[in-house]
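Chemist:
2 protein chains.
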Amino acid sequence: MEDLRDDRDSWSSENCSVARAMDIVGSRSTVLIMREALLGTRRFDDFVRRVGVGEPAMAARLKEMVAADLLERIPYREPGQRTRHEYQLTRKGRELLPVITALRNWGDTWAADDAGPSIVATHHDCGQPVRAVLRCAAGHEITDGDIDIAAGPGIIRRS
Amino acid sequence: MEDLRDDRDSWSSENCSVARAMDIVGSRSTVLIMREALLGTRRFDDFVRRVGVGEPAMAARLKEMVAADLLERIPYREPGQRTRHEYQLTRKGRELLPVITALRNWGDTWAADDAGPSIVATHHDCGQPVRAVLRCAAGHEITDGDIDIAAGPGIIRRS
DNA sequence: GAGCTGACTTGCTCATGCTGAAGTCAGCGC
DNA sequence: GCGCTGACTTCAGCATGAGCAAGTCAGCTC
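Those protein sequence lines, which keep their order, are chains A and B.
Numbering follows our numbering, with no gaps: position 63 of the first sequence is 72.
Numbering follows our numbering, with no gaps: position 79 of the second sequence is 88.
The structure is reproduced here in structure tokens:
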């Protein structure tokens, strides 16, 4: 199969999944909210405190994220309390875990302070640290540079 | 080992690798420049055309990325041409491949148009598609939710 | 030495994201 | 039925990012 990189100008990146993903989760606060949500945070004021963003910004971000179907706004009720709403991850949101993990791995390696990473994700079954790695469908792990770029069905060729 | 999520308020996210990574590669255009760089683009005007961002913004972004050590500005000379500069990925930049790949996978699943993805990364050796997956150091693949959060050496406990 | 081209820079304007302070609003506890 | 609390909203105001148009600058070609 041809490697598309050999003729990068023959195709456009109009239909680019990376760009589309960035349009949805491209802002710093959205990513940090996802980090918190993946760590289990659900309530408005916890998000505000833990992400370190102001209330107006948080309200706006959460509204966007519910509209984008990353979070779901669900009513709940603790005994003796009135009904409130919490923000739960949808499947679409939960599937950002590899993205956040890859970002955390990279930050641990290239942007951590001397003390090292503050948190480590570990495999529940064996306790070993978890990382985002590249793997092909045949099960081979990818080491630097073993990748070709092939055309997918949604490619838009330039005239 | 305790799961930190059980007491999320006992530690702060001051020293957060995700936030630090976002401070460096958090903007849409930076990510799209990384996409292009990982696809092999090196020259200023190619970046401008392929990323679809204006020249002033591109010049500013590239300068930032060189300062952040994601790219290196290297002089080169084609025969009959004068000396120019190209932008080559550093190791720090190349190691963002899992992040971009995870983002592309997610975009393919959740934000692609009906035609499907426009490009597919394949393993050079076997031709199978490549994905970013979570794996622990013992080699187990992580399926949804098998993750604990443990304290790392850089954790900052709240007083 | 005039023109061309690639790689920027400058200047201006618009849009977005965030901040801080203050206000609103809905119920449960009393 | 008054106050409290959690969850917001409203209102300036600032900083950043991006767009477009135009200008600059170096050095190779002719």
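Idealized CB from N, CA, C, for every residue including glycine.
It should be emphasised that the depicted structure is a prediction, and the values quoted were computed from it without experimental measurement.
Closer than 8 Å, CB to CB, is G63 (chain A) near chain B or not?
Modeler: Stepping through the first sequence from its first residue, residue 63 (chain A) is reached at position 54. No, its Cβ sits nowhere closer than 8 Å to a Cβ of chain B.
Chemist: Which of the three DSSP states is assigned to D122 (chain A) in this structure?
Modeler: The sequence position of residue 122 (chain A) within the first sequence is 113, counting from 1. It is coil, neither helix nor strand.
Chemist: Let me check understanding here. Comparing Cα to Cα, which of B:T92, B:G161 and B:T110 lies closest to D122 (chain A)?
Modeler: Here residue 122 (chain A) corresponds to residue number 113 of the first sequence, with the count starting at 1. Of the listed residues, the one whose Cα sits closest to D122 (chain A) is B:G161.
Chemist: So with Cβ pairs under 8 Å, would you call Q137 (chain B) a contact of chain A?
Modeler: Numbered from its first residue, the second sequence carries residue 137 (chain B) at position 128. Yes, Q137 (chain B) lies at the interface with chain A (some Cβ there is under 8 Å from its Cβ).
Chemist: Taking 8 Å as the CB-CB limit, is L112 (chain B) close to chain A?
Modeler: Translated into positions along the second sequence, residue 112 (chain B) becomes position 103. It does: the Cβ of L112 (chain B) has a partner Cβ on chain A nearer than 8 Å.
Chemist: Helix or strand or just coil, what does DSSP make of E87 (chain B)?
Modeler: Walking along the second sequence from the start, residue 87 (chain B) turns up at place 78. If DSSP states are grouped into helix, strand and coil, E87 (chain B) belongs with coil.
Chemist: Just to confirm my understanding: we take G163 (chain A), look at its own chain, exclude 5 residues before and 5 after, and list those with CB closer than 8 Å. What are they?
Modeler: Here residue 163 (chain A) is taken as the residue at index 154 of the first sequence, counted from 1. Once the five neighbours on either side are set aside, the close Cβ partners of G163 (chain A) are N24.
Chemist: Could you say if the segment 130–141 of chain A and the segment 37–52 of chain B meet the contact criterion of at least three C-beta pairs nearer than 8 Å?
Modeler: No contact exists between the segment 130–141 of chain A and the segment 37–52 of chain B.
Chemist: Are V27 (chain A) and G116 (chain B) closer than 8 Å when you measure CB to CB?
Modeler: As a working note, residue 27 (chain A) is residue 18 in the first sequence. As a working note, residue 116 (chain B) is residue 107 in the second sequence. Cβ atoms of V27 (chain A) and G116 (chain B): closer than 8 Å.
Chemist: Can you have a look at E45 (chain B) and say buried or exposed, based on whether 16 or more other CB atoms are within 10 angstroms of its CB?
Modeler: For the purposes of this step, residue 45 (chain B) is taken as residue 36 along the second sequence, with counting starting at 1. Buried, because 16 or more other Cβ atoms sit within 10 Å of the Cβ of E45 (chain B).
Chemist: Are the CB atoms of V60 (chain B) and M67 (chain B) nearer to each other than 8 Å?
Modeler: Taking the first residue of the second sequence as 1, we reach residue 60 (chain B) at position 51. Taking the first residue of the second sequence as 1, we reach residue 67 (chain B) at position 58. Against a cut-off of 8 Å, the Cβ pair of M67 (chain B) and V60 (chain B) comes out as a contact.
Chemist: Go ahead and label I109 (chain B) buried or exposed: buried means 16 or more other beta carbons lie within 10 angstroms of its beta carbon, across all protein chains shown.
Modeler: Translated into the one-based positions of the second sequence, residue 109 (chain B) becomes position 100. Per the 10 Å Cβ criterion, buried.
Chemist: Apart from the five residues on each side of it in sequence, which residues of its chain come closer than 7 Å, Cβ to Cβ, to V142 (chain A)?
Modeler: Mapped onto the first sequence, residue 142 (chain A) falls at position 133. Once the five neighbours on either side are set aside, the close Cβ partners of V142 (chain A) are E150.
Chemist: I need the straight-line Cα distance from P126 (chain A) to A77 (chain B), nearest angstrom please.
Modeler: To locate residue 126 (chain A), count along the first sequence from 1; it is residue 117. To locate residue 77 (chain B), count along the second sequence from 1; it is residue 68. P126 (chain A) and A77 (chain B): Cα-Cα distance of roughly 20 Å.
Chemist: Got a sec: which bits of the segment 24–58 of chain A sit with their beta carbon under 7 Å from any beta carbon on chain B, in order along the chain?
Modeler: Answer set for the segment 24–58 of chain A: N24, C25, S26, V27, A28, R29, A30, M31, I33, G35, R37, V40, L41, R44, L48, G49 and T50.
Chemist: Anything in chain B within Cβ reach of A147 (chain A), meaning under 8 Å, just list it in chain order.
Modeler: In the first sequence, counting from the first residue as 1, residue 147 (chain A) sits at position 138. Residues of chain B passing the Cβ test: H132, C135 and Q137.
Chemist: Can you tell me whether A162 (chain B) is helix, strand or coil according to DSSP?
Modeler: Here residue 162 (chain B) refers to the residue found at position 153 when the second sequence is read from its first residue. In the sequence as displayed, the identity of residue 162 (chain B) is Pro instead of Ala. P162 (chain B) falls in the coil class under three-state DSSP.
Chemist: Using the three-state DSSP reduction, which class does E73 (chain B) fall into: helix, strand or coil?
Modeler: Residue mapping note: residue 73 (chain B) aligns to position 64 of the second sequence, counting from 1. DSSP places E73 (chain B) in helix when its eight states are reduced to three.
Chemist: Let me make sure I understand the geometry here. Which of B:T92, B:L47 and B:L71 has the alpha-carbon closest to that of L105 (chain B)?
Modeler: Here residue 105 (chain B) corresponds to residue number 96 of the second sequence, with the count starting at 1. Nearest C-alpha to L105 (chain B): B:L47.
Chemist: Leaving out the 5 sequence neighbours to the left and right, which residues in its chain are closer than 6 Å to Q97 (chain A) when beta-carbon positions are compared?
Modeler: Mapped onto the first sequence, residue 97 (chain A) falls at position 88. Contacts found: E81 and I83.
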